[in-house]
Amino acid sequence: MGEKKGRVLYVDDEEVNLTNFKETLSDEFEIFTALSGEVALDILKKQGEMALVVSDQRMPGMSGIELLAQVKMQYPETIRMIISAYTEIHELIDAINQAEVYRYFVKPWEEEQLRLTIGNAVKTYNLAKEIKSFVSTRRTQE
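The opening residue of the sequence shown carries number 0 in numbering that gives the first Met the number 0; numbering runs sequentially from there.
As structure tokens, this is what we get:
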């Protein structure tokens, strides 16, 4: 088994979804899971920045959009994605405008499409980090 490609946090109030997500992707990515937005923020505080935070939209307490808006403020380089069984246009607009999500994914997910989307999101994060590091190094050399 090769090196894992990135750290991903998945937030969902249904434990079966957390288990399925982890089983599907843990061979490629370091997966963290949380049953609520509040727990997710605590994990981020303890573990530090993730490449990607994926959240269910409809959860008791903090919604996925509310969580991802906070993630955007605290960890602006982290890629954000919403997964929901319900597609309502105002939620989609809020996800884009408030949390600047990378993708809005519909449940139930198709495993290969999910794997591809997560992989692309983590690649985007890693590339942005490499560019930032390169630019920083170039500025130091000038």
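Note that CB positions come from ideal geometry on N, CA and C, so glycine has one too.
Being a predicted model, the structure only gives us computed values, none of them experimental.
Quiz item: Under the three-state reduction of DSSP, which class applies to T116: helix, strand or coil?
Solution: helix
Quiz prompt | Proximal residues to T18 (C-beta, below 6 Å), its chain only, five neighbours per side dropped | solution = none
Exercise. Please work out which residues of its chain come closer than 6 Å, Cβ to Cβ, to V52, disregarding the five sequence neighbours upstream and downstream, and give them in chain order.
Key: Taking V52 as the centre and dropping the five residues before and after it, the same chain places the C-beta of L8, V70, T77 and R79 closer than 6 Å to its C-beta, in chain order.
Quiz prompt | Nearest to W108 (by Cα), restricted to the options A33, D11 and A84 | solution = A84
Quiz item: How is the beta strand (DSSP E) around F104 delimited, first residue to last?
Solution: R102 to V105
Quiz item: Going by the beta-carbon positions, is the gap between E110 and T23 smaller than 7 Å?
Solution: yes
Quiz prompt | Three-way DSSP call (helix, strand, coil) for D55 in this model | solution = strand
Quiz item: Quick one, are the C-beta atoms of F28 and K45 less than 7 Å apart?
Solution: no
Self-check item: Residue from S25, T139 and G60 with nearest C-alpha to D12
Solution: That would be G60, whose Cα lies nearest to the Cα of D12.
Quiz prompt | Within 7 Å, strictly: CB atoms of A68 and A94 | solution = Taking 7 Å as the cut-off, the beta carbon of A68 is found no closer than this to the beta carbon of A94.
Quiz item: With respect to the alpha helix (DSSP H) encompassing E29, which residues constitute its N-terminal and C-terminal limits?
Solution: No alpha helix (DSSP H) contains E29, which is instead part of the beta strand (DSSP E) from E29 to A33.
Self-check item: CA-to-CA distance, L115 to K21, given in whole angstroms
Solution: About 15 Å.
Practice problem: Compute the distance between the beta-carbons of V134 and A50, then report whether it is under 7 Å. | Solution: no
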